[in-house]
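This report refers to the structure that appears directly beneath it.
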Amino acid sequence: MSGFLFVVPPLTGHINPAVGVAARLTAHGHQVAWACADPALVRRLAGADAVVFRCAGPVPGAPGAVRPPDLRGAEALRFLWEGYLLPLADAMAPGVHAAVAGFRPDVVVADQQAFAGALVAERLGLPWATSATTSAEFGGAYDAMPKVADRLRRRLAELRARIGDPAGTADPRSSPHLLLVFSTPELIGPRAPSAPHIHYVGPSLAGRPAGPDFPWERLDRGRAKILVTLGTANADAGGRFLTEALAALRERADRIQAVITDPAGTLPATADDPDLLILPSVPQLPLLERMDAVVCHAGHNTVCEALWHGVPLVVAPIRDDQPVVAGQVVDAGAGVRVRFGRVTAARLGEALDTVLHDPAHRAAAARISAAFRTAGGAGAAAAHLARLVGESR
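Residue numbering for the sequence shown is 3 to 395, as defined by this note's numbering.
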């Protein structure tokens with residue numbers, strides 16, 4: 003029996019993939035603990051009995067950790083790093099030290115954006131694995147922004163001097179011991195890196211708690227079904243987009259029934275509307291089994307979950323890694339891209355018609371789905387982590 007400490011940022015999309023891996027490790031008799039700045043979020047996603055060591059650090063939406071909704075491109079990326087991820091790492095480091103001392107793990111599993119996990123493990127001489135919950139780092143996210151990339155490298159070097167081993171050389175986003183990528187080259191494309199320690203495991207969908215209730219009886223078997231979602235972190239930016247989506251979907255109500263997630267309540271309620279189900283949240287994984295297409299922000303988890311089910315996409319990236327992931331979807335042939343800030347109901351409707359009726363998009367989604375399922379998901383990731391323990395002893 004071995005011990006695994008998962009160090010994660012307080013971000014749903016980064017915790018969810020680790021939840022399935024942790025569940026598989028526990029099922030095989032290993033011990034699992036977590037280090038996070040939001041223990042309540044970890045327990046909501048991983049289960050009420052999860053062992054969580056509290057770390058300091060900003061939680062998105064709290065005072066001082068609110069990103070202006072209109073930030074895009076390099077400015078949005080700079081805020082993500084310098085306004086959130088780097089301060090989070092500094093704040094989390096003492097808590098990660100305490101978690102290692104209290105739990106005594108054999109391996110630290112550090113999310114690629116929880117730099118404190120990697121750097122503290124490096125400083126203490128512990129083997130560590132990277133949980134790569136977005137593939138954007140492998141798809142040229144900084145190609146068009148070389149000055150930004152150089153600035154981020156300098157900031158990481160400064161962070162290492164403060165909380166890591168000053169003599170260390172590994173990028174805290176990419177462990178030299180084990181890099182678990184929750185995607186596959188079939189989606190990432192020809193730039194997907196290859197090395198003995200890199201393993202593409204596909205989406206990790208197991209071990210999730212049940213989602214919110216859903217009125218399954220209202221789904222119409224006679225019409226195509228569309229899920230529209232902008233994820234858990236974009237409610238402040240999505241009002242205009244959802245309004246245009248609503249108009250496009252109403253024009254197609256004779257042949258399409260839509261499910262729209264609207265956590266901010268920007269759209270009118272539709273309790274008795276047979277054409278639209280507008281809800282603050284939905285049980286996304288079981289719902290995707292019944293969807294014919296997904297309209298989303300190109301968040302990595304939503305994209306991979308849709309493609310796992312062979313569902314083609316209309317992607318409207320907003321910021322951060324989303325433009326890179328959207329490019330992967332389009333290059334793989336599994337969807338159509340629209341401009342988030344300038345989309346019209348007419349353009350969105352045209353994109354929807356394309357992914358619903360052009361068989362090439364569904365065929366590409368099916369091809370990626372097959373690759374994802376072959377990759378092994380949470381079970382494969384857990385097996386690689388167990389082997390890392392054996393190799394390090």
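Just so it is clear, CB atoms sit at the ideal spot from N, CA and C, and this is done for glycine as well. Small disclaimer: the values here were computed from a predicted structure and weren't measured.
Point to revise | Euclidean distance between Cα positions of arginine 106 and glycine 5 | key: 7 Å
Practice item. Evaluate the contact criterion for the stretch 197 to 205 versus the stretch 28 to 46: three or more CB pairs, one atom per stretch, below 8 Å. Key: no
Practice item. State the DSSP-derived secondary structure class of threonine 245, mapped to helix, strand or coil. Key: helix
Check your understanding: Which class does cysteine 306 belong to by DSSP, given the choice of helix, strand or coil?
Key -> helix
Exercise for review: May I ask you to list the residues that DSSP assigns as paired with tyrosine 202?
Suggested key: Val183
Review point. If you compare alpha carbons, which of Gly267, Pro276, Pro282, Ala260 is closest to leucine 354?
Key: Ala260
Review point. At what residues does the alpha helix (DSSP H) containing arginine 349 begin and finish?
Key: 347 to 359
Review point. How about the stretch 163 to 182 and the stretch 120 to 140: do they share at least three Cβ pairs that are nearer than 8 Å?
Key: yes
Check your understanding: To which residues does DSSP link valine 296 through a beta bridge?
Key -> Leu229, Leu315
Check your understanding: Tell me which same chain residues have a C-beta within less than 6 Å of the C-beta of leucine 43, skipping the five on either side of it?
Key -> Pro12
Check your understanding: So, helix, strand or coil for glutamine 114, using DSSP?
Key -> coil
Check your understanding: Less than 8 Å separating the beta-carbons of threonine 231 and threonine 304?
Key -> yes
Review point. Should the stretch 290 to 306 be regarded as contacting the stretch 217 to 231, the criterion being three or more beta carbon pairs within less than 8 Å?
Key: yes
Practice item. Given a cut-off of 8 Å, decide if alanine 336 and alanine 367 are closer than it, judged by their beta-carbon atoms. Key: yes
Practice item. Determine, using beta carbons only, whether proline 275 and histidine 302 come nearer to each other than 8 Å. Key: The displayed chain sequence assigns aspartate, not proline, to residue 275. No, Cβ-Cβ distance for aspartate 275 and histidine 302 is not below 8 Å.
**Study point:** Cβ neighbours of aspartate 108 in the same chain (closer than 6 Å, five flanking residues each side left out)
**Key:** Ser4, Gly5, Val391
Exercise for review: Return the residue from the list Ala172, Ser137, Leu189, Asp277 that minimises the CA-CA distance to glycine 224.
Suggested key: Asp277
Point to revise | Residue span of the alpha helix (DSSP H) that contains phenylalanine 8, given as start and end | key: Run containing phenylalanine 8: none in the alpha helix (DSSP H); it sits in the beta strand (DSSP E), 5 to 9.
Review point. On the three-state DSSP scale, how would you describe phenylalanine 374?
Key: helix
Review point. From Pro129, Arg210, Glu84, pick the residue whose C-alpha is nearest to that of alanine 151; which is it?
Key: Glu84
Check your understanding: Where does threonine 132 fall in DSSP's three states?
Key -> strand
Point to revise | Length of the line joining the Cα atoms of phenylalanine 8 and leucine 309 | key: 26 Å
Point to revise | Among Ala380, Arg389, Ala91, nearest to alanine 29 - alpha-carbon criterion | key: Ala380
Exercise for review: Rounded to whole angstroms, what's the CA-CA distance from tyrosine 86 to proline 60? Just pull it up for me.
Suggested key: 7 Å
Practice item. Take glutamine 115 and list the residues in its own chain whose beta-carbon comes closer than 7 Å to its own, dropping the five residues that flank it on each side. Key: Pro11, His16, Leu87
**Study point:** Proximal residues to isoleucine 2 (C-beta, below 7 Å), its chain only, five neighbours per side dropped
**Key:** Nothing about residue 2 can be reported from this structure: the residues present for the chain run from 3 to 395 only.
**Study point:** C-beta contact flag for alanine 20 and valine 110 at 8 Å
**Key:** no
Check your understanding: Do you know offhand how far arginine 349's Cα is from aspartate 256's?
Key -> 19 Å
Review point. Beta strand (DSSP E) containing arginine 339: first to last residue?
Key: 337 to 339
Review point. Do you know how far the Cα of proline 214 is from the Cα of proline 2?
Key: Only positions 3 to 395 of the chain appear in the structure, and residue 2 is not among them; the question remains open.
**Study point:** Buried versus exposed, by CB contacts within 10 Å (16 or more), glycine 127
**Key:** exposed
Exercise for review: Would you list the one or two residues that DSSP bridges to tryptophan 2?
Suggested key: Nothing about residue 2 can be reported from this structure: the residues present for the chain run from 3 to 395 only.
Practice item. Give the DSSP-derived three-state secondary structure of alanine 101 in the structure shown. Key: helix
Check your understanding: Any idea what DSSP makes of valine 109, helix, strand or coil?
Key -> strand
Check your understanding: Going along the chain, which residues of its own chain have a beta-carbon closer than 7 Å to the beta-carbon of alanine 101, five neighbours each way excluded?
Key -> Leu7, Ala35, Ala37, Phe55
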